[in-house]
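One structure is given here, and the rest of the page talks about it.
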Amino acid sequence: MAEPSENPPQRPLPDGIVPEEVVTRTEKHWVIVMAAMLVIMMAVIVETGVAGALHPATNVEAIDSETLHLGGEFVESNLGTAIEPDGSATVRLIAEQYDFVPHCVRVPADTPVKFRLTSADAVHGFLLPDTNVNTMLVPGFVAEVRTRFAQPREYEMPCHEFCGLGHHAMWTKVSVEPKDRFAAQGPLERTSCAQQ
Ligand SMILES: [Cu+2]
């Protein structure tokens, strides 16, 4: 005599076993949910890239992070804000555990500003809210970000990438000043607003 089938379709499934059509339907629903999330995330990336001008840095520029203080562009006397012959501003800044040098920078409003940033040790983050300035500072590389501040404003800027035990106390200030007030300052005052 033939053995009866273990699980004929007509017979109810044992407790805890989900019917195949329910599994298939559930999986289809989750595929739709995942596809929708991917579409939304891609749309956000495109929106911030096009409308917010947020995009990865286009320059790849290497630098020796161990000799920053000995000479070259990031030597201490060259840090802070400099005005270029064309009237634009260049800010050079080093992040190190656990401070930014200089600790406070002044920049003029309504002027092209180029930030040139690097790290002396760990990976740090530099972000100014409501602008396109958002970059990681990786030791061994120079991060360059160009922007223009429409209005005077004070930015309190905490380090944006966990860099160690003192990360929570690491911050800098970017002070965007009216163009004429910035121009009236002497070269040393313009360079930095850090307390001496
Ligand atoms: Cu940090």
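Residue 134 in the working numbering is what sits at position 143 of the sequence shown, and the numbering runs on without skipping anything.
Even glycine gets a Cβ: it sits at the ideal position worked out from N, Cα and C.
Residue burial annotation: Gly40 is exposed, with fewer than 16 other C-beta atoms found within 10 angstroms of its C-beta.
Of all alpha-carbon atoms in Glu64, Pro76, Met25 and Asn69, the one lying nearest the alpha-carbon of Thr182 is that of Asn69. Relative to ligand 1, Cys95 has its C-beta separated by 6 Å or more from all heavy atoms. Assignment of Pro99 by DSSP, reduced to helix, strand and coil, places it in the strand class. Annotation: Glu87 to Val30 spans about 38 Å, alpha carbon to alpha carbon. By the neighbour-count definition (other C-beta atoms within 10 Å, threshold 16), Gly155 is an exposed residue. Taking each of Arg139, Thr122 and Met148 in turn and checking the Cα distance to Phe91, the smallest one comes out for Met148. Sorting Leu179, Ser166 and Val133 by C-alpha distance to the C-alpha of Val51 places Val133 at the top. Shown here, Phe117 sits in a strand according to DSSP, grouped into three states.
Distances from the CA of Met127 to each of Ala141, Arg139 and Ala111 were compared; the closest alpha carbon is that of Ala111. Residue pairing by DSSP puts Leu128 in a beta bridge opposite His115.
For Glu87, the enclosing beta strand (DSSP E) begins and ends at Ala80 to Glu87. Where Pro149 is concerned, the enclosing beta strand (DSSP E) starts and stops at Arg144 to Pro149. Glu168 sits in a strand when the DSSP states are folded into three classes. Short note on His159: C-beta not closer than 6 Å to any heavy atom of ligand 1.
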